[in-house]
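Here's the structure, in structure tokens; my notes come after.
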Amino acid sequence: MQGGYEDLIIVGINQVGFKGRRSKEMDNQVQSRGQKELQEQVINAHLCVGCGACAYLCPYQVIYKDQTIVLHDCDLAEGRCYAFCPRTSTDYDAIRKALFDEEDLTLELGPIKGFYIVRAAGEVNRANAQHGGTVSALMALALEEGLIDAAIVAEGEDNFLHHGIAVTEPIDIKKRGKSKFIVSPTVAEFNKIAAGDAKKIGVVATPCQAQAFAKMRMKPIAGKESHIDKLQLVIGLFCGWALSWRKFTDLLRRSTSLESITGMDKPPGTQTVEIFTTNGTIILPVDDINTCIREACHYCIDSTAEFSDISVGSARLPESWEETKTWNQVIVRSERGQTLLELARSKNVLEFRDVPEGNFDELKKAAVEKKKGAIERLREKSGQPNDLIYLDENDPVIKKIMG
Ligand SMILES: Cc1cc2nc3c(=O)[nH]c(=O)nc-3n(C[C@H](O)[C@H](O)[C@H](O)COP(=O)(O)OP(=O)(O)OC[C@H]3O[C@@H](n4cnc5c(N)ncnc54)[C@H](O)[C@@H]3O)c2cc1C
Ligand code: SF4
Ligand code: SF4
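Just so it is clear: in the sequence shown, position 128 is 252 by this note's numbering, and no numbers are missing.
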């Protein structure tokens, strides 16, 4: 999509230029902090999203269950863990401008080159998918075409925990479709395999994980290797929230055994969540699920994985949910994303259909709502109207939404 930022403003959001600069104070903050500050400012403050960006960089931090655990103290004044964490102070405006075409930037949804409704072609390719199977189909295609030589996806475990796993065969991606609504520390798997033989890595990432990769791409600590240049593709997932492992599994155990669960979804426009089990579908009120949302997700402003090459979510169509859920909404954000989508079109890997009128505006509205809610909660948490903890209040997106 061409035309730039002005064309994409929604009603009620006026034009604003991307003029925010990284302040001196932020530079200092970003460049001179380590594990101690990560623990104080992120982990102890319940801002940790469990992305895994601070794990496998050194032996001192690990992910245990869905939590980040510090095993040993580290006295480095400047740590990659702090610099890569998506919840330490970050000038996201500088990152947007460095990684994406400035004319593609929008306030509500980040960079946009195009917006599509698509799904994996052929029912069989959607059989193990959450919705239209677009994520799995695109990542498998990237492997087949040699755009990447390893893909990191989320692997489910018996106890309802998940981890990132690197695979090299397209079939292994398709086997691992479906959404896991408890975090998977996918960035930790990148840290692990990027130090090895893989040369071109693709990752399926939630918005917060894509933010961590974007921070890594900025190479904030000179001379400290992160192998980030091996990252060749980020397919982002839209994300409303993720759930706390402990709270959610406690809730589920009241209705069924964890072993019987095969998946879950939240049909849009309803106040319910569907839990699919080997014995049928259990319907839970969304209010019960809301009590299980991971605390850090309440402070998250990104619903569409703005720092990805291509972002995918569930579609909103006039048809029944049964039909709608076999499609995806897709935002293409970068040249890499565009190339992959066009390849999928030319090889008939994806089916395309027209975007219904109003879809794009609805998505923008929902994205603004999430940003507003998170900003409000960050203000409450800090106790200061202009202190947004990890966000820069001078970021033009934040400023406009706060205004
Ligand atoms: C926690 C979470 C919240 C979400 N919230 C929304 C929402 O509010 N609105 C919306 O439109 N869409 C949301 N999604 C995205 C949606 O559920 C689908 O993933 C998306 O529509 C793509 O469907 P698909 O059929 O193309 O995916 P598939 O082809 O089934 O592929 C899904 C891919 O996601 C990977 N994956 C699954 N869980 C995770 C995880 N926790 N972390 C990292 N990777 C993972 C899988 O390994 C797989 O590669 C959410 C996803 C997650 C994981
Ligand atoms: S890098 Fe990710 S896992 Fe580590 S503290 Fe930050 S949010 Fe948590
Ligand atoms: S809501 Fe935000 S913080 Fe929570 S999992 Fe999704 S992207 Fe990460």
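Glycine included, each C-beta is placed from N, C-alpha and C at the ideal position. Source: prediction; values computed, not measured.
**Message:** I'd like to know whether the C-beta atoms of D273 and K324 end up nearer to each other than 9 Å.
**Reply:** yes
**Request:** Answer yes or no: the CB of T192 versus the heavy atoms of ligand 2, is any distance below 8 Å?
**Result:** yes
**Asked** Quick one: is the Cβ of I525 within less than 8 Å of any heavy atom of ligand 2?
**Response** no
**Request:** Please list, in chain order, all residues of the same chain as N472 whose beta carbon is under 8 Å from its beta carbon, the five residues on each side excluded.
**Result:** A245
**Prompt:** Would the beta-carbon of Q254 be found less than 8 Å away from any heavy atom of ligand 3?
**Reply:** no
**Prompt:** At which residues does the beta strand (DSSP E) containing I257 begin and terminate?
**Reply:** One detail in the question is off: residue 257 reads as Gly in this sequence, not Ile. Taken as a continuous stretch (DSSP letters only), G257 belongs to no beta strand (DSSP E), as it is neither H nor E.
**Prompt:** At a Cβ threshold of 9 Å, is R250 touching chain C?
**Reply:** Looking for chain C here will not work: only one protein chain is present.
**Message:** In this structure, how does DSSP classify N472 when only helix, strand and coil are distinguished?
**Reply:** coil
**Own chain, CB closer than 7 Å to A528, minus 5 neighbours either side, in chain order** = There is simply no residue 528 to check, as the chain begins at 125 and stops at 527 in what is shown.
**Message:** Measuring alpha carbon to alpha carbon, tell me which residue in S303, Q453, D225 and G393 is nearest A278.
**Reply:** S303
**Request:** Could you tell me which uninterrupted alpha helix (DSSP H) segments, each at least 4 residues in length, are contained entirely in the region 394–421, listed from first to last along the chain?
**Result:** 410–414
**Prompt:** G326 and L267: beta carbons closer than 9 Å?
**Reply:** yes
**Asked** With 16 as the cutoff for other CB atoms within 10 Å, does Q335 come out buried or exposed?
**Response** buried
**Prompt:** Using the beta carbon as the reference atom, which residues fall closer than 5 Å to any heavy atom of ligand 3, ordered along the chain?
**Reply:** V173, T330, P331, C332, C363, W365, A366, C421 and C424
**Item:** Beta-carbon separation (whole angstroms), G174 vs Q163, contact threshold 8 Å
**Value:** G174 to Q163, Cβ: 15 Å. No contact.
**Asked** What are the partner residues of V186, as DSSP defines its beta bridges?
**Response** I193
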